[in-house]
Amino acid sequence: MTGGGGSLPNMLPVVLVPVGVDDEALDACLAALDASTPAGTRVWLIDDAQAGPRGTDIVQRWLQRTPLRADYTRRPRMAGEVQHLDEALRACGDADVAVLASDAIPAPGWLSQLTACFARDASIASATPWCNAGESAGWPRVDPQPMPDDVVALAHAAATMPPKHPELPAAVEHAVLLRGSARARAGGLDAASYASWYAALTDLSLRMSGLGWRNALCETAFVARLREGAPAEGDMDALAVRWPDWHARIAGFLMDDPLRELRDELGRRLRPQDSDAPQRLLFPLPPAGEGVQGG
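Here the sequence shown is numbered in the working numbering, starting from 1 and rising by one per residue.
See below:
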């Protein structure tokens, strides 16, 4: 997945979508990806022998009509979620890669905003957008919430947030932009210790943090999701062995809720738009990096 030139799509990172077993969620995700991502953006669907006949039909029809530069690969036999993802990430070399869950609904501007987050701060190794089921990056609360009624409105409101990019305990799996150089320096995903992307991403985040990089919230972007991610059996025990303070650290973060003011601010910026939803669709999002300052 390589590309040259200086056009916006070529300057954006590769989007990696691990295909899941939920056909309807995949269909909705791909439709949202088309609607919310600049034409020509490189997208790689990786299928660890997960999609059934209907799922592969959905992918093939999408490949024929998408304006994105999309590829699809499928294993003949399952390798395991973490190993499959690690091999795909390694195939991307040192490139920055955005991994998007196949049951996620990316809102307009999501990828440009994540890219701008990296451009603002070279110490950021992972950038995670807001999500209704995003745990530490959750909005409007940290506990899972229903899918929002209007992700376009949320995208517009989030794009006006001042870009401060506060620290998260770890990246969250609904959508995350990973800096290629940091990922490579940390050694990639640990497929020998973890069975789920949920836990392997946490472990990678903590290793990158230990090397001096940051795992940041991209408060100017929003990606919705049907359900919250979860670890595989035994993964949390493996995390506790390697990172003894992890459970206390994430529990403390969720209870102390240091992002409460930012969540409230996004809610305030969203509410004034409720009355002009039809008009809002006529206007483009503010360019990434031009968040409106103030309340």
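C-beta: ideal position from N, C-alpha, C; glycine also.
- Pairwise C-beta distances place the segment 107-115 in contact with the segment 151-162, as three or more of them are shorter than 8 Å.
- One thing to note: Val-176 has its Cβ no nearer than 7 Å to the Cβ of Ser-209.
- Distance from the CA atom of Gln-64 to the CA atom of Asp-48, rounded to whole angstroms, is 21 Å.
- Counted as a single uninterrupted DSSP element, the beta strand (DSSP E) harbouring Leu-100 occupies residues 97-100.
- Look at Cys-131 here: in three-state DSSP terms it is strand.
- One alpha carbon belongs to Ala-224, the other to Ala-199, and they sit about 20 Å apart.
- In this structure, Leu-85 is the residue among Arg-69, Leu-85, Pro-67 and Pro-76 with its C-alpha nearest to the C-alpha of Leu-100.
- DSSP places Tyr-72 in the uninterrupted beta strand (DSSP E) bounded by 69-74.
- In this structure, Asp-27 lies near Ile-58, with their beta-carbon atoms less than 7 Å apart.
- Collapsing the DSSP output to three states places Ala-49 in coil.
- For Val-21, same chain residues with a beta-carbon under 6 Å away, outside a window of 5 residues either side, are Gln-50 in chain order.
- Gln-60 has its alpha-carbon roughly 42 Å from the corresponding atom of Ala-251.
- The beta carbon of Ala-182 sits closer than 6 Å to those of Ala-125, Met-208 and Trp-213, all from its chain and outside the five residues before and after it, given in chain order.
- DSSP, read as helix, strand or coil, puts Ser-123 in coil.
- Trp-44 is bridged by DSSP to Leu-16 and Asp-71.
- Just so you know, the alpha carbons of Ala-192 and Met-236 end up roughly 14 Å apart.
- DSSP, read as helix, strand or coil, puts Cys-92 in coil.
- Contact check for Leu-226 and Asp-103: beta-carbon distance about 5 Å, within the 8 Å limit, so the pair qualifies.
- With a contact defined as Cβ atoms closer than 8 Å, His-174 and Ala-133 qualify at about 7 Å.
- Ala-171 is classed as buried because its beta carbon has at least 16 other beta carbons within 10 Å across all chains shown.
- A check of alpha carbon separations from Thr-160 across Glu-265, Arg-249, Leu-68 and Gly-93 identifies Glu-265 as the nearest.
- Taking all protein chains shown into account, His-247 has fewer than 16 neighbouring C-beta atoms within 10 Å of its C-beta and is therefore exposed.
- Burial state of Asp-23 is buried, judged by a 10 Å Cβ sphere holding 16 or more other Cβ atoms.
- Arg-42 sits buried, since 16 or more C-beta atoms from the chains shown fall within 10 Å of its C-beta.
- The shortest CA-to-CA distance from Pro-231 to any of Met-147, Thr-202 and Leu-178 is the one to Thr-202.
- Counting C-beta atoms within 10 angstroms of its own C-beta, Leu-239 has 16 or more neighbours from the protein chains shown and is therefore classed as buried.
- About 7 Å separates the Cβ atoms of Ile-105 and Cys-29, confirming a contact at the 8 Å cut-off.
- The alpha-carbon separation between Lys-164 and Ala-216 amounts to approximately 9 Å.
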